[in-house]
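Chain order of the listed sequences is A and B. Here the numbering used here is used: the first residue of the first sequence is 1, the next is one more, and so on. Here the numbering used here is used: the first residue of the second sequence is 397, the next is one more, and so on.
Number of protein chains: 2
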Amino acid sequence: MAVTMNKNYAKLGKNYLFAEIKNRVASYQAAHPQADIIRLGIGDVTRPLPKIVTEAMAQAAREMATAAGFRGYGAEQGYEFLKEAVRKYYAKRGVSLSCEEIFISDGAKSDIGNLTDLFGQDNTVLIPDPVYPVYVDTNVMNGRQIVFLPADEENGFLPMPGPETVGDIIYLCSPNNPTGAVYNKEQLQKWVDFANARGSIILFDAAYECFIQDDLPHSIYEIPGAETCAIEICSLSKKAGFTGTRCGYTVIPSALKRGGFSLNAMWLRRQSTKYNGTSYVVQRGAQAVFTPDGEKAVEENLRYYRGNARIITQALEEMGVYYTGGRNAPYIWLKCPPSQDSWEFFDRLLSECHVVGTPGAGFGSCGWEYLRLTAFGTRKNTLEAMRRIQNGGVFR
Amino acid sequence: MAVTMNKNYAKLGKNYLFAEIKNRVASYQAAHPQADIIRLGIGDVTRPLPKIVTEAMAQAAREMATAAGFRGYGAEQGYEFLKEAVRKYYAKRGVSLSCEEIFISDGAKSDIGNLTDLFGQDNTVLIPDPVYPVYVDTNVMNGRQIVFLPADEENGFLPMPGPETVGDIIYLCSPNNPTGAVYNKEQLQKWVDFANARGSIILFDAAYECFIQDDLPHSIYEIPGAETCAIEICSLSKKAGFTGTRCGYTVIPSALKRGGFSLNAMWLRRQSTKYNGTSYVVQRGAQAVFTPDGEKAVEENLRYYRGNARIITQALEEMGVYYTGGRNAPYIWLKCPPSQDSWEFFDRLLSECHVVGTPGAGFGSCGWEYLRLTAFGTRKNTLEAMRRIQNGGVFR
Chain A
1 MAVTMNKNYA KLGKNYLFAE IKNRVASYQA AHPQADIIRL GIGDVTRPLP
51 KIVTEAMAQA AREMATAAGF RGYGAEQGYE FLKEAVRKYY AKRGVSLSCE
101 EIFISDGAKS DIGNLTDLFG QDNTVLIPDP VYPVYVDTNV MNGRQIVFLP
151 ADEENGFLPM PGPETVGDII YLCSPNNPTG AVYNKEQLQK WVDFANARGS
201 IILFDAAYEC FIQDDLPHSI YEIPGAETCA IEICSLSKKA GFTGTRCGYT
251 VIPSALKRGG FSLNAMWLRR QSTKYNGTSY VVQRGAQAVF TPDGEKAVEE
301 NLRYYRGNAR IITQALEEMG VYYTGGRNAP YIWLKCPPSQ DSWEFFDRLL
351 SECHVVGTPG AGFGSCGWEY LRLTAFGTRK NTLEAMRRIQ NGGVFR
Chain B
397 MAVTMNKNYA KLGKNYLFAE IKNRVASYQA AHPQADIIRL GIGDVTRPLP
447 KIVTEAMAQA AREMATAAGF RGYGAEQGYE FLKEAVRKYY AKRGVSLSCE
497 EIFISDGAKS DIGNLTDLFG QDNTVLIPDP VYPVYVDTNV MNGRQIVFLP
547 ADEENGFLPM PGPETVGDII YLCSPNNPTG AVYNKEQLQK WVDFANARGS
597 IILFDAAYEC FIQDDLPHSI YEIPGAETCA IEICSLSKKA GFTGTRCGYT
647 VIPSALKRGG FSLNAMWLRR QSTKYNGTSY VVQRGAQAVF TPDGEKAVEE
697 NLRYYRGNAR IITQALEEMG VYYTGGRNAP YIWLKCPPSQ DSWEFFDRLL
747 SECHVVGTPG AGFGSCGWEY LRLTAFGTRK NTLEAMRRIQ NGGVFR
């Protein structure tokens with residue numbers, strides 16, 4: 001008789017990780033008002049936007065006040081000027097795309113969530129553990145069966161498919177959030193071959209590709225065969241400081257087909273029906289990121305964050321602590337001292353060093369004895385935090 | 397074995413309306429290069445953004461280049477400054493909301509599409525015909541049963557619920573796209589009472605509320621009881637020229653519950669999981685719309701469009717043509733001459749008057765003998781188009 005709600009929402013775990021961190025930090029601070037607490041747990045950037053980006057946005061805004069410069073509805077999949085900039089960015093790495101394979105969005109989180117619309121409810125979803133919680137939650141909302149792929153010290157937090165592996169929809173995030181681990185070409189080739197043989201689809205989250213310094217794949221399309229099994233989602237959030245400005249892009253090759261459907265055509269229809277394009281002003285800012293001066297400015301910020309990562313990893317190495325990430329990723333995933341789980345160690349770091357990390361348990365059951373630090377703080381805070389950790393003896 | 401796709405996508409009708417219009421206009425223009433074609437079919441605005449809005453965006457962009465002014469991730473549901481501005485906008489009309497009941501988005505189309513996530517697949521969806529095609533397509537994508545509610549000359553294109561009416565999810569759009577018809581308080585009260593009695597949910601699309609001049613409800617929350625049965629979706633697209641800038645808002649009262657679920661809490665969880673908030677720069681522009689100077693500038697543009705609507709409706713009245721809309725809406729829905737369907741009349745207007753309208757058939761089967769004109773053109777073009785139509789004798 002009455003309307004029915006989507007009952008899968010009742011199966012969602014509480015979205016409590018960052019709220020719980022906030023509560024614990026707030027109550028510690030209340031009890032210790034003098035404590036100078038440093039937050040190295042946040043996944044948000046701190047460097048301002050490059051001037052070339054903000055000037056492009058200001059200019060675009062001013063255009064909109066003129067009859068000649070006003071822009072109404074744009075194409076749902078983005079302006080050609082930005083798709084062309086993204087196309088060239090891929091071309092530099094030897095990945096040849098057409099503009100019709102590139103979809104501009106307001107960020108990777110939206111696309112990762114909305115892409116689940118394209119698939120049947122009866123698929124099995126393969127998700128690494130630990131992982132960015134959005135992969136899990138968006139599929140719980142759809143009622144799909146989820147299988148976890150354990151990542152651990154043994155596989156270097158880079159799990160591979162085996163003869164028993166199942167999964168119709170496979171999430172891979174490389175460089176990984178939260179572990180900072182990065183797949184090499186041979187490993188990704190195995191995943192691509194697995195997906196093509198099985199008829200699976202890989203959703204490849206490349207949001208951190210810009211942090212790669214070594215000879216490792218930035219895009220899954222550097223791997224032969226990926227165009228028939230993979231969708232890639234990327235973002236300007238971490239690359240160019242767009243966490244509050246909102247712009248990303250998703251690549252769906254025209255060769256990607258399943259069950260008589262072109263996934264590119266389905267996504268175009270999905271976006272044309274449920275999205276009205278990314279703000280013109282924001283797209284002009286994003287375009288500036290891909291200019292030579294924009295790339296220089298972005299590189300300067302990335303160098304700053306990489307410097308922070310080096311400070312963190314050097315300190316961990318001096319203390320003999322196991323970790324992944326940091327070199328090709330903004331995340332450092334470190335092992336807690338023996339017999340301390342991630343929340344216990346979180347509390348100890350907070351009370352003894354006044355440093356806030358992110359407990360690994362928040363990213364999945366395989367994270368229970370790990371903690372994530374990020375390179376997104378200021379240089380001063382990063383140096384001071386690691387000094388305190390080294391002097392505090394929490395790892396002894 | 398292999399991944400399965402969402403087979404409902406195969407049931408979608410071709411998204412051909414505006415493509416077909418474009419094709420017909422292009423081939424006519426190619427055959428008649430001298431023809432000065434006027435487009436009065438478009439649903440996009442033409443007036444530039446008010447300077448106060450673009451200056452607020454330019455200022456916000458520049459802030460983002462400074463360490464002190466940089467903003468990273470904002471709340472997924474929007475900044476307090478904008479929610480507060482929307483709250484006050486409702487308060488002026490006597491509608492009392494809390495900021496937690498207001499969700500800022502990148503536009504009404506996204507929210508209308510994504511709100512379907514909250515409901516079970518087994519609901520019957522009641523959709524007026526003719527109507528904005530997004531309501532139909534987003535529910536076809538979810539495989540829900542759709543029942544159409546015929547709107548016609550007899551009910552003044554304002555269909556009402558009767559003893560036989562079914563519908564768990566009910567779409568109402570007032571002022572209506574495409575008919576421009578507007579429900580009065582008594583009519584909306586009947587819909588609210590129907591939904592509350594039945595346990596249904598009304599999705600109330602208020603995207604054109606700013607065009608209302610008479611004493612008619614702008615918001616469904618002006619109707620007692622709406623807070624326990626209705627979600628309202630609104631937008632700055634038509635009000636303030638944001639079609640390319642992208643900002644809207646959705647209201648979900650905290651009193652709205654079904655089957656043990658709070659719809660407000662479900663939407664907060666949906667948006668926190670699949671959305672990362674509207675661009676800060678855009679939200680600052682939207683905030684400026686609600687300032688006294690912003691409202692003045694918006695009112696000036698609305699007056700311009702209303703003037704166009706008056707030119708169109710006066711001409712129709714002089715010709716004795718039946719129409720709805722125009723007075724409290726930017727759309728004028730006119731009846732084609734006897735024995736001409738909407739595509740035939742479209743072709744005739746194009747070839748005899750060089751004027752482009754939108755064939756009513758594109759909005760549903762009840763639109764087959766109607767045509768939509770819009771008030772969004774320039775004054776000069778609107779005057780000239782109606783002069784040609786009056787002189788052309790297409791209605792004789």
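The C-beta atom is built at its ideal place from N, Cα and C for all residues, glycine as well. Note that the coordinates shown come from a computational prediction; the quantities given were computed from them, not determined experimentally.
| Item | Value |
| --- | --- |
| Rounded to the nearest angstrom, how far is the Cβ of Arg388(A) from that of Val356(A), given a contact under 8 Å? | Between Val356(A) and Arg388(A) the Cβ distance is about 12 Å, and since that is not below 8 Å, they are no contact. |
| Quick check on the DSSP output: the alpha helix (DSSP H) that includes Ala593(B) runs from which residue to which? | 581-594 |
| So, using beta-carbon positions, are Leu478(B) and Trp663(B) closer together than 9 Å? | no |
| Please identify the residue among Cys99(A), Ala91(A), Gln34(A), Gly180(A) whose C-alpha is closest to the C-alpha of Asn253(A). | The sequence given here has Pro at residue 253(A), not Asn. Checked all of Cys99(A), Ala91(A), Gln34(A), Gly180(A); the closest Cα to Pro253(A) is Cys99(A). |
| Got a sec: is the Cβ-Cβ distance from Glu451(B) to anything in chain A below 9 Å? | yes |
| Any idea if Tyr132(A) is buried or exposed, counting beta-carbon neighbours within 10 angstroms, 16 or more meaning buried? | buried |
| Under three-state DSSP, which class holds Ile37(A)? | coil |
| Run down chain B in chain order and give the residues with a C-beta less than 7 Å from the C-beta of Pro48(A). | Met460, Ala461, Thr462, Ala463, Phe466 |
| Are there 16 or more other CB atoms within 10 angstroms of the CB of Gln287(A), so buried, or fewer, so exposed? | buried |
| Within 10 Å of its beta-carbon, does Asp293(A) have 16 or more other beta-carbons around it, so buried, or fewer, so exposed? | exposed |
| If contact means a Cβ-Cβ distance below 9 Å, which residues of the region 197-219 of chain A contact chain B? | Arg198, Gly199, Ser200, Ile201 |
| I need the DSSP call for Ala75(A), collapsed to helix, strand or coil. | coil |
| With 9 Å as the threshold, decide whether the Cβ of Val397(A) is near any Cβ in chain B. | Outside the shown range of chain A (1 to 396) lies residue 397(A), about which nothing can therefore be said. |
| Find out if the Cβ-Cβ distance for the pair Ala195(A), Cys173(A) is shorter than 9 Å. | no |
| Would you mind reading off the limits of the alpha helix (DSSP H) that contains Ser492(B)? | Premise fails: Ser492(B) is in no alpha helix (DSSP H) and is neither H nor E. |
| Tell me Ile248(A)'s beta-bridge partners as DSSP assigns them. | For the sequence presented, residue 248(A) should be read as Gly rather than Ile. Bridge partners of Gly248(A): Ser105(A), Ser235(A). |
| Quick test of your reading: Ser738(B) and Pro726(B), contact by CB under 8 Å. State the CB separation rounded to the nearest angstrom. | The pair is not a contact, with the Cβ atoms about 19 Å apart (cut-off 8 Å). |
| Could you confirm whether any beta carbon from chain A is found closer than 9 Å to the beta carbon of Val441(B)? | yes |
| Under a three-way DSSP split, which group does Pro48(A) fall into? | coil |
| Listed from N- to C-terminal order along the chain, which residues in the region 237-249 of chain A have their beta-carbon within a distance smaller than 7 Å of any beta-carbon of chain B? | Thr243, Gly244, Thr245, Arg246 |
| If we count the other Cβ atoms within 10 Å of its Cβ and call it buried at 16 or more, is Asn660(B) buried or exposed? | buried |
| Quick one: give me the first and last residue of the alpha helix (DSSP H) that Tyr676(B) is part of. | 676-685 |
| Can you pull the DSSP bridge partners for Leu390(B)? | This structure leaves residue 390(B) out entirely; chain B is present only between 397 and 792. |
| Just how far apart, CA to CA, sit Ala197(A) and Val166(A)? | 12 Å |
| Which of helix, strand or coil does DSSP assign to Met460(B)? | coil |
| Who does Met401(B) pair with in a DSSP beta bridge? | Phe119(A) |
| So the candidates are Arg270(A), Arg258(A), Arg144(A); which of them puts its Cα closest to the Cα of Asn510(B)? | Arg270(A) |
| With Lys88(A) as the anchor, note down where its alpha helix (DSSP H) starts and where it stops. | 80-91 |
| Contact criterion: CB-CB distance below 9 Å. Does Thr278(A) meet it with respect to chain B? | yes |
| As an exercise, report each continuous alpha helix (DSSP H) stretch of at least 4 residues that is fully enclosed by the region 264-348 of chain A, in chain order. | 280-289, 292-319, 342-348 |
| Among Ala426(B), Ile498(B), Leu554(B), which one has its Cα closest to the Cα of Ser631(B)? | Ile498(B) |
| Run through chain B and tell me which residues come within less than 9 Å of Thr4(A), C-beta to C-beta. | Phe515, Gly516, Gln517, Asp518, Asn519, Asp564, Arg654, Gly655 |
| Under 7 Å, CB to CB, which of the residues in the region 767-788 of chain B have a partner in chain A? | none |
| Count Cβ pairs between the region 606-618 of chain B and the region 581-588 of chain B that sit closer than 8 Å; are there 3 or more? | yes |
| Less than 9 Å between CB atoms is the rule here; does Ala457(B) satisfy it with respect to chain A? | yes |
| Roughly how far, in whole angstroms, is the beta-carbon of Ser501(B) from the beta-carbon of Thr646(B), given that I think they are within contact range, below 8 Å? | 6 Å |
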